Amino acid sequence: MSDPKGSGKAKDPEMQGEGNYTAARRYDEATTEFVKAGKVDEAASKARPKTEAEADEMKKAEQAGKSHAKGEDPALHKKQKSQG
């Protein structure tokens, strides 16, 4: 199936099975661009709680979310192999 403009690229299928690879790729590209643009520190600063009450509210929300979780993914604590 080709796109209507005739560029030869296959049109993204509406149903892609488990996961939307097109959306995942767009997200990855946008995230990489955000980091490369140096916007992380500014965003983190803006996300910090402004008051002690807001900090408490955020902590309670985090605890509520964790109470529903099965636990952390063990892969988070594995050392990544260097790519080379």
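Its first residue numbered 247, the sequence shown is counted upward by one per residue in this note's numbering. Just so you know, even glycine gets a beta-carbon here, dropped at the ideal spot from N, CA and C. Quantities reported herein were computed from a predicted structural model and do not represent experimental measurements.
For the alpha helix (DSSP H) that contains residue i, what are its first and last residues?
i: GLN262; result: Per DSSP, GLN262 belongs to no alpha helix (DSSP H) and is neither H nor E.
i: GLU308; result: 298-313
Consult DSSP for residue i and reduce its assignment to one of helix, strand or coil.
i: ALA283; result: coil
i: ARG271; result: helix
i: LYS316; result: coil
i: LYS325; result: coil
Expressed to the nearest angstrom, what Euclidean distance is found between the alpha-carbon atoms of residue i and residue j?
i: ALA270; j: LYS306; result: 30 Å
i: GLY317; j: GLN309; result: 12 Å
i: PRO320; j: LYS312; result: 15 Å
i: THR297; j: GLY263; result: 44 Å
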